[in-house]
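Line by line, the protein sequences give chains H and V.
Residue 43 is where the first sequence starts when you use our numbering, and the numbers rise one by one after that.
Residue 43 is where the second sequence starts when you use our numbering, and the numbers rise one by one after that.
Heads up, the beta-carbon is just placed ideally off N, CA and C, and yes, glycines get one too.
A short worksheet on the structure shown next.
Protein chains: 2
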Amino acid sequence: MEKINEVIRNISGLDTVIMREAQSRLDNLTKPLGSLGRLEELAKQICGITAKENPQLKNKVIFTLASDHGVTDEGVSAYPKEVTAQMVYNFLRGGAGINVLAAHVGARVVVVDMGVCVDLEPDPRLVVKKINYGTKNMAKGAAMTREEAIKAIETGIEIFENEYRKGIDIVGIGEMGIGNTTAASAITFCFTKKPVEEITGRGAGLDDKGLKNKIDIIKKALSLNQPDSSDPIDVLAKVGGFEISGLAGIILAAASKKVPVVIDGFISGSAALVAYNLEPKVKDYMISAHCSVESGHKIILNYLGLKPLLDLDLRLGEGTGGALGIGLADAAIKILTQMATFKSANVSEKNK
Amino acid sequence: MEKINEVIRNISGLDTVIMREAQSRLDNLTKPLGSLGRLEELAKQICGITAKENPQLKNKVIFTLASDHGVTDEGVSAYPKEVTAQMVYNFLRGGAGINVLAAHVGARVVVVDMGVCVDLEPDPRLVVKKINYGTKNMAKGAAMTREEAIKAIETGIEIFENEYRKGIDIVGIGEMGIGNTTAASAITFCFTKKPVEEITGRGAGLDDKGLKNKIDIIKKALSLNQPDSSDPIDVLAKVGGFEISGLAGIILAAASKKVPVVIDGFISGSAALVAYNLEPKVKDYMISAHCSVESGHKIILNYLGLKPLLDLDLRLGEGTGGALGIGLADAAIKILTQMATFKSANVSEKNK
Chain H
43 MEKINEVIRN ISGLDTVIMR EAQSRLDNLT KPLGSLGRLE ELAKQICGIT
93 AKENPQLKNK VIFTLASDHG VTDEGVSAYP KEVTAQMVYN FLRGGAGINV
143 LAAHVGARVV VVDMGVCVDL EPDPRLVVKK INYGTKNMAK GAAMTREEAI
193 KAIETGIEIF ENEYRKGIDI VGIGEMGIGN TTAASAITFC FTKKPVEEIT
243 GRGAGLDDKG LKNKIDIIKK ALSLNQPDSS DPIDVLAKVG GFEISGLAGI
293 ILAAASKKVP VVIDGFISGS AALVAYNLEP KVKDYMISAH CSVESGHKII
343 LNYLGLKPLL DLDLRLGEGT GGALGIGLAD AAIKILTQMA TFKSANVSEK
393 NK
Chain V
43 MEKINEVIRN ISGLDTVIMR EAQSRLDNLT KPLGSLGRLE ELAKQICGIT
93 AKENPQLKNK VIFTLASDHG VTDEGVSAYP KEVTAQMVYN FLRGGAGINV
143 LAAHVGARVV VVDMGVCVDL EPDPRLVVKK INYGTKNMAK GAAMTREEAI
193 KAIETGIEIF ENEYRKGIDI VGIGEMGIGN TTAASAITFC FTKKPVEEIT
243 GRGAGLDDKG LKNKIDIIKK ALSLNQPDSS DPIDVLAKVG GFEISGLAGI
293 ILAAASKKVP VVIDGFISGS AALVAYNLEP KVKDYMISAH CSVESGHKII
343 LNYLGLKPLL DLDLRLGEGT GGALGIGLAD AAIKILTQMA TFKSANVSEK
393 NK
């Protein structure tokens, strides 16, 4: 827990002086005042996060954390459990959605085994940080021990810090784990207290019967484990997942190093909820990439007060929406740093 | 008019066989069915437009057409008229928003003088197709002659065809013209019949008094000129602009060559209205990039039945939103053409 506390102590507020300077520069660029809307807000936020007048988003990294969930024994997913491991191989071979979209925006993907339930074939591109062979079935007891939850968050911090040494200017978070929308819904319940029915969706494609079962299982797990909402570690331990815990660690670590974090969809959002409940200041470091089709995601965004950049009916996860969000952040910073000013371009200003 | 009619005759419906094949391929990629939402729809639409199973979006072109508007004499814009020419120089030097965002998505910008009211300094990068030195003041008579309107549309067709020879896989349309939201509102009224108050916005930044004056001037111009809504050429001639007419020509020409057209904001949208009223089939070739802050834009999108990809409070024009839309189209096509299938990646499919 000491590592988590240390990281949290290093999270400060945004640099408001730099943000005012950024606003003034944006107002002098050759365009009507405020006419690039949310791209301008985004540029200003990134200046405040990085405390740099001219931030560069050269090193873009997407962390895709994979892990298994014991609760899949209860039939909560439309896909079989072995897909988690199969998709990790797909990530490593470059055939998944996240590979394509990360390459599209010039980001590198760091694939991490946080707790896939089988031993994966060794691969130099795979970061193995297995906390355990999947979580336990939360419908029958706690998903993990408290120690495992702490270790998973600290592992997220480590993963970030290792990559940070190679250079990171902006980070996207993503995940893969059959069954993990069930964990995300349970976590979302703990912090938002919205009805389980409202925060539970079809995940990768459940039918009506499957959705009803999933809701029942989440209710059962919550009732059995009684997670303590005032203690985010307890929530993770009882109804969370290793990848979600690791993502919460990455969010905290990024904020402590003044790196903007692009949040993907519902599951990444549940990790954002955990990080926020550990340290509310992290919110200012978050950029919400998109609003997922999963109904719980909108509830998370409202709770955190985040406005998503995109609304494209995505629900894939992996960090795919986050990749598109990184592309927009890149565009925003280029606007700030590459456009001419009225003065430099000799363009007349607004009529007085 | 013969050139316009010939282009219109060459516009066919989308290739539905190719679209079905694209859907089937999308359904076999390693992701839950439909989980990339609107990116999947976009990929499918582009397959249908291009009639290609594996469309490539290598050559991306944004046409930014500039022209002046006589109606600026009535004080309808927050910026002085000379800004049109000044911004053309800014485009040519690469300092404007469109230069930055086009470069971000790998598009080239073609800057065209359709009717700037001064002679611009010769520049090999500037396409000079001046129809006249700005339109006439629509509050005092027709903005242009019928012959000029036809010539401006045909010029748009020519501009597209010239660039098409160098290669175009996707096109974005944009504009610059102080006063052109006034023309766009008047055009929007003609086709949608919505109250002028609802389709008129603050443009580059009018205050309340300026907005009221703009609404009065639009009403006066409509009442004086009585444009015939069943005749899009008459609408352009009486209350349009040279750049808007040229953009309508580009849309028609792109559709005739099976090239997707990304529509930017309100003014580009008014050109889309004109093109649609000349030939409704063009609608299927249009991709709406974003929803502008200008209130009339939403009305145009509803009229055309187009759903914008982005909603980022943009209102700059120039093709800037279109550039971001081209970036998303590129992402969509990469998803379709670069992702692995369940079979090729050895990933288990959904539980039956």
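With distance defined between alpha-carbon atoms, name the residue in the options nearest to residue i.
{"i": "V/G307", "options": "V/P164, V/S390, V/G148, V/I140", "result": "V/I140"}
{"i": "V/M61", "options": "V/I50, V/K45, V/P97, V/I46", "result": "V/P97"}
{"i": "H/H332", "options": "H/K323, H/N344, H/N255, H/K178", "result": "H/N344"}
{"i": "H/R167", "options": "H/R188, H/K182, H/R135, H/S330", "result": "H/R135"}
{"i": "V/A226", "options": "V/V213, V/L378, V/I241, V/I212", "result": "V/I241"}
{"i": "H/F133", "options": "V/A194, V/L253, V/T383", "result": "V/T383"}
{"i": "V/S334", "options": "V/S54, V/S66, V/G245, V/A144", "result": "V/G245"}
{"i": "H/A64", "options": "H/Q87, H/K45, H/G55", "result": "H/Q87"}
{"i": "V/K208", "options": "V/N319, V/A85, V/K102", "result": "V/K102"}
{"i": "H/T106", "options": "H/E124, H/M156, H/H146, H/P122", "result": "H/M156"}
{"i": "H/S386", "options": "V/K123, V/A138, V/E48", "result": "V/A138"}
{"i": "V/A145", "options": "V/A194, V/E391, V/K392, V/G364", "result": "V/G364"}
{"i": "H/K300", "options": "H/M43, H/T114, H/E48, H/D57", "result": "H/D57"}
{"i": "H/I46", "options": "H/A194, H/E116, H/V147", "result": "H/A194"}
{"i": "V/A296", "options": "V/Y327, V/S271, V/C89", "result": "V/Y327"}
{"i": "H/A181", "options": "H/D115, H/Y131, H/H339", "result": "H/D115"}
{"i": "V/D270", "options": "V/N255, V/K235, V/V59, V/K254", "result": "V/K235"}
{"i": "H/Q268", "options": "H/V169, H/P74, H/A228, H/P164", "result": "H/A228"}
{"i": "H/K94", "options": "H/A317, H/V59, H/L75", "result": "H/V59"}
{"i": "H/G219", "options": "H/G252, H/L320, H/V160, H/K392", "result": "H/V160"}
{"i": "H/I329", "options": "H/L75, H/E48, H/Q128, H/C89", "result": "H/C89"}
{"i": "V/D416", "options": "V/M186, V/M43, V/V130", "result": "The question about residue 416 of chain V has no answer, for chain V in this structure spans 43 to 394."}
CB residue i to CB residue j, shorter than 9 Å?
{"i": "V/G237", "j": "V/T92", "result": "Note on identity: in this sequence residue 237 of chain V is Pro, with Gly being the wrong assignment. Not a contact, by the Cβ cut-off of 9 Å."}
{"i": "V/V389", "j": "V/T72", "result": "yes"}
{"i": "H/C232", "j": "H/L264", "result": "yes"}
{"i": "V/V152", "j": "V/A108", "result": "no"}
{"i": "H/G112", "j": "H/K171", "result": "no"}
{"i": "V/I275", "j": "V/A184", "result": "no"}
{"i": "H/V304", "j": "H/I212", "result": "yes"}
{"i": "V/E120", "j": "V/D249", "result": "The sequence as given places Ala at residue 120 of chain V; Glu does not occur at that position. Result yes, Cβ atoms of V/A120 and V/D249 sit closer than 9 Å."}
{"i": "H/G288", "j": "H/I104", "result": "no"}
{"i": "H/L294", "j": "H/G198", "result": "yes"}
{"i": "V/G176", "j": "V/D110", "result": "yes"}
{"i": "V/A374", "j": "V/A149", "result": "no"}
{"i": "V/M336", "j": "V/G243", "result": "Note that residue 336 of chain V corresponds to Glu in the displayed sequence, not to Met. Yes, Cβ-Cβ distance for V/E336 and V/G243 is below 9 Å."}
{"i": "V/L99", "j": "V/D372", "result": "yes"}
{"i": "V/N174", "j": "V/I309", "result": "no"}
{"i": "V/S312", "j": "V/N52", "result": "no"}
{"i": "V/T224", "j": "V/I342", "result": "no"}
{"i": "H/I210", "j": "H/G291", "result": "no"}
{"i": "V/L315", "j": "V/L346", "result": "yes"}
{"i": "H/I50", "j": "H/G214", "result": "no"}
{"i": "V/V154", "j": "V/E285", "result": "yes"}
{"i": "V/P122", "j": "H/N393", "result": "yes"}
Can you list, in chain order, the residues of the region 68-81 of chain H whose Cβ is nearer than 7 Å to any Cβ on chain V?
For the region 68-81 of chain H, the set of positions with a beta-carbon nearer than 7 Å to some beta-carbon of chain V reads T72, K73, P74, L75, S77, L78, G79, R80, L81 in chain order.
Members of the region 221-247 of chain V near chain H, C-beta cut-off 7 Å
Within the region 221-247 of chain V, the qualifying residues are A246, G247.
Interface residues of the region 142-176 of chain V facing chain H [CB-CB below 7 Å]:
Residues passing the 7 Å Cβ filter: V142, L143, H146.
Check whether the region 77-94 of chain H touches the region 343-360 of chain V, counting contact only when three or more Cβ pairs, one atom from each stretch, lie closer than 8 Å.
With a cut-off of 8 Å, the region 343-360 of chain V and the region 77-94 of chain H count as touching, because enough Cβ pairs lie within range.
Within the chosen definition, does the region 372-379 of chain H reach the region 280-294 of chain H through at least 3 CB pairs nearer than 8 Å?
Under the 8 Å Cβ criterion, the region 372-379 of chain H does not count as touching the region 280-294 of chain H, having fewer than three qualifying pairs.
Near-chain H residues of the region 263-279 of chain V (beta-carbon distance less than 9 Å), N- to C-terminal order:
Against chain H - using a Cβ distance shorter than 9 Å - the region 263-279 of chain V contributes no residues.
Length-filtered (3 minimum) beta strand (DSSP E) runs lying within the region 182-253 of chain H:
Counting whole runs of 3 or more residues, the region 182-253 of chain H contains the beta strand (DSSP E) stretches 212-218.
What are the residues in the region 86-102 of chain H lying within 7 Å of chain V by C-beta distance?
If the cut-off is 7 Å between Cβ atoms, the region 86-102 of chain H has nothing near chain V.
Where are the beta strand (DSSP E) runs, 3 residues long or more, that stay fully inside the region 79-147 of chain H, in chain order?
DSSP runs (the beta strand (DSSP E)) wholly in the region 79-147 of chain H: 102-109.
Name the residues in the region 111-132 of chain V whose C-beta lies less than 7 Å from a C-beta of chain H; which are they?
Result list: A120, Y121, P122, E124, V125, Q128, M129, N132.
Quick one: which unbroken beta strand (DSSP E) runs of 3-plus residues sit fully inside the region 261-337 of chain H? Chain order, please.
List check, beta strand (DSSP E) in window: 303-305, 328-330.
The region 377-389 of chain V: positions lying closer than 8 Å to chain H by Cβ:
From the region 377-389 of chain V, only I377, Q380, M381, A382, S386, A387, N388, V389 have a Cβ closer than 8 Å to chain H.
Taking only beta carbons into account, state which residues of the region 315-345 of chain V come closer than 8 Å to chain H, listed in chain order.
Hits within the stretch, in order: V335.
The region 350-376 of chain V: positions lying closer than 9 Å to chain H by Cβ
For the region 350-376 of chain V, which is checked against every Cβ of chain H, the residues closer than 9 Å are L351, L352, D353, L354, D355, L356, R357, L358, G359, E360, T362, A365, L366, G369, L370, D372, A373, K376.
Please identify, using Cβ separations under 9 Å, the residues of the region 177-190 of chain H that lie next to chain V, in order along the chain.
Listed in chain order, the positions of the region 177-190 of chain H with a beta carbon within less than 9 Å of a beta carbon of chain V would be empty, since no residue qualifies.
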